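Here the structure comes first, spelled out in structure tokens, and everything after it is commentary.
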Amino acid sequence: MATQAHSSTNRRDFIFVATGAVAAVGAAATVWPLVNQMNPDASTLALASIEFDVGAIEVGQSVTILWRGLPVFVRHRTQAEIDEARAVPMSDLKDPATDESRTKEGHEQWLIMLANCTHLGCIPIGEAGEFDGWACPCHGSQFDTAGRIRKGPAPTNLVIPPYEFVSDTLVQIG
Amino acid sequence: MSEHSTYTPGNAVEKWLDERLPIIRFSKEHLMDFPTPKNLNYWWTFGAILVMCLGIQIVTGIILAMHYTPQVSMAFDSVEHIRRDVNGGRMIQSFHAVGASMFFAAVYIHIFRGMYFGSYKAPREILWILGVLIFLLMMATAFMGYVLPWGQMSGWAAQVITNIFSFIPVVGTPLLELLRGGFTVDNPTLNRFFSLHYLLPFVIAAVVALHIWALHVPGNNNPVGIDVKDKDRDTLPFHPYYTMKDAFGMVVFLIPFAWFAFFAPDILGHPDNYIQYNSQVTPAHIVPEWYFLPFYAILRAIDFNLLFINSGLLGVIFFGGSILILFLLPWLDTSKVRSGNFRPMFKWFYWIFVVNFIGLTYLGAQPADGIYVILSKICTAYYFLHFVLILPVLGRIETPKPLPTSISESVLGKSHA
């Protein structure tokens, strides 16, 4: 009898734990849609890819376009700006990246990057700061002519979005 | 400290109710007869003032929600509609916006009161922790409420503060998109902030109830920081003594409140918030509301990497840590004496801390360059040193002054004791 009582206790323990486990999985499965509804919806995701003709931008001119609701800087750099960016030794950079790695081969004059500062997301002002690039007035981050962080609290360079040149002047972003 | 009242139901209805829901007995015990130290000064009145502030925010907020539209193309105009067209709307909107500032002014006084008189020390640690939790909830609520008018400061506040989450390793970016409901701050963000801004005050009210519950178990601390020894000699019933004192305090508090609300409703805000939000242009100088400036200064002060932690994550750690460290205060302060009145060295460091905190407030409002960056770093370092070094060491090396033997003795003077 003692053995039987012992084994029935075990079965009860098993059922207890199994029920709890099923309940926990069920609760997690119920919570997920309640959290997931907060993720970007279909209408937001639909704006994933855009095309933009950079041909009308003069040398030394910048434009800001919108991609996924995010502002994107497109700058037609001057030769002086490109030279300046390339002359910077990697050891001077907080987030080392060559100027070549931040542009497309054969299109080095076009610098295309997300406008939001990598610190807290403000939009830096162009042709400003000590490095002739961009300067964020909010928190003091300064970027050079390749959009690399040079001074201030931003941890990384301005982000290059995924893009490619579909023709000489037509860019597809996203 | 709480004890059973002498309440006896006065009539058949009260007796019937008392056996089913003893709410009258509860009110009598906790709102009227509750034994309260007889020496509480006016700094203690801010507890009641804060309850009033929460009430004002909830009532005015419910009314504003009847006229506000949480939609990016209409939000800005709907706030102007409230201020210009809705009957009495200018007044109600002012009460709500100014009320937030007054709420924070009162809560800072309440917190600094607790820090001076050692109200966080045993046996009131849970009371203190619930208080810090309320402070955090207030900050979240105020931040989301500030976003709703969808002006340039509003939208960029949302942008900058949600961006903090992007620095969390691995999950940062997906979490940021989850919180914003998009790749940037947009309509889904505004909608959910409105929903949560409406919800959180009720959560605050619930935690306030716990805060008062945790207060009523050990009873109030008091300016001399010693325990009640003789209930009859050391305490007074809460009503009418403190209800009347608190009512007077509330009236005095409402004078500057009314001045701001009626004569300068916008003086505490920023003019840039009268420009509708534009996701492509940041205002030249982003500043939060005054009550967030000290923590904002700490966030901005961190512009350097430490080991493998980049400046972004490090800023978040210091920013969050500056508030979360308050949770540990009961254990960081090693002194056995509660009240700062009897701690000669603590008194000095307390006031240096207050000045440093005001300094951080000032620096948070200044542009992030030159001397301000250096000063911000110094003040940030001192803020943390106060908690992790000065307080633990002070408790060990300081010789406190002799404490009075009882609350009534300290009130009446030795000759009457």
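Same order as they appear, the protein sequences are chains H and S. Be aware that the first sequence starts at 5, since it is given in this note's numbering, and climbs by one per residue. Be aware that the second sequence starts at 49, since it is given in this note's numbering, and climbs by one per residue. Glycine included, each C-beta is placed from N, C-alpha and C at the ideal position. Since the structure is predicted, the reported quantities are computational estimates derived from the model, not experimental observations.
Interface annotation, S/Leu224: not in contact with chain H, CB-CB separation never under 7 Å. Under the three-state reduction of DSSP, S/His259 is assigned to helix. In this structure, S/Ala332 and H/Pro141 form a Cβ contact; the two beta carbons are roughly 5 Å apart against a cut-off of 8 Å.
At least 7 Å separates the beta-carbon of H/Asp99 from that of H/Thr173. Non-local beta-carbon contacts of S/Leu196 in its own chain, meaning distances under 8 Å to residues more than five positions away in sequence, involve Tyr116, Pro118, Ala123, Val127, Ser202, Leu238, Phe241, Phe242 and His245 in chain order.
Taking the Cα of S/Phe390 as reference, the smallest distance to any Cα among S/Glu337, S/Pro448 and S/Ala349 is reached at S/Pro448. Contact of H/Ile177 with chain S by beta-carbon distance below 9 Å is absent, the smallest such distance being about 13 Å.
Residues Tyr55, Pro57, Glu62, Leu65 and Asp66 of the same chain have their beta carbon placed closer than 8 Å to that of S/Ile72, with the five preceding and five following residues left out of the count. Here the C-alpha atom of H/Glu109 lies approximately 42 Å from the C-alpha atom of S/Ile419. About 18 Å separates the CB atoms of H/Ala89 and H/Cys121; that is not less than 8 Å, and the two are not in contact.
Shown here for S/Ile111: same chain residues with a beta carbon closer than 8 Å to its own, the five before and five after excluded, namely Ile140 in chain order.
The Cβ-Cβ distance between S/Asn268 and S/Thr108 does not fall below 7 Å. Linking S/His78 to S/Val265 through their CA atoms gives a straight-line distance of about 10 Å.
With the criterion set as a beta carbon lying under 9 Å from some beta carbon of chain S, the members of the stretch 157–173 of chain H are Pro157, Ala158, Pro159 and Thr160, in sequence order. Of the residues assessed, S/Ala254 falls on the exposed side of the cut-off, its CB having fewer than 16 other CB atoms within 10 angstroms. If you ignore the 5 residues before and after H/Thr82, its C-beta comes within less than 6 Å of the C-beta of Val63 and Gly64, all in its own chain and listed in chain order. Within chain S, Phe231 have C-beta atoms less than 7 Å from the C-beta of H/Arg72, given in sequence order. Look at S/Leu196 here: in three-state DSSP terms it is coil, with no helix or strand label. For H/Glu55, no alpha helix (DSSP H) encloses it; the enclosing beta strand (DSSP E) starts and ends at Ile54 to Asp57. The stretch 83–137 of chain S is shown to contain whole alpha helix (DSSP H) runs of 4 or more residues at 94–113 and 123–132, in chain order. Taking 8 Å as the Cβ-Cβ cut-off, the stretch 314–327 of chain S approaches chain H at Ser327, given in chain order.
A distance below 8 Å between beta-carbons, with the five flanking residues on each side excluded, links S/Gly297 to the following residues of its chain, in chain order: Tyr90, Thr93, Phe94, Ala96 and Ile97. Listed along the chain, the chain S residues whose CB falls inside 8 Å of the CB of H/Thr48 are Gly229, Gly230, Phe231, Asp234 and Pro236.
The three-state secondary structure of S/Lys449, taken from DSSP, is coil. For H/Ser53, the number of other beta carbons within 10 angstroms of its own is below 16, and it is reported as exposed.
Proximity of H/Asn43 to chain S, defined by a Cβ-Cβ separation below 7 Å, is satisfied.
Here H/Trp138 is bridged, per DSSP, to H/Gly130 and H/Phe147. Assigned with DSSP and collapsed to three states, S/Gln328 falls in coil, not helix or strand.
Straight-line measurement puts the Cα of H/Asn161 at about 19 Å from the Cα of H/Ile69. Counting C-beta atoms within 10 angstroms of its own C-beta, S/Glu337 has 16 or more neighbours from the protein chains shown and is therefore classed as buried.
Your pair S/Ala413 and S/Val335 checks out as a contact, with CB atoms roughly 5 Å apart and the cut at 8 Å.
Identification of residues in the stretch 133–146 of chain S having a C-beta nearer than 9 Å to some C-beta of chain H yields an empty set. Here S/Gly103 is exposed, its C-beta having fewer than 16 other C-beta atoms within 10 Å. Here H/Gln65 carries a coil assignment [DSSP, helix/strand/coil]. With its beta carbon less than 7 Å from one in chain S, H/Leu124 belongs to the interface.
7 Å or more divides the Cβ of S/Ala309 from the Cβ of S/Ser167.
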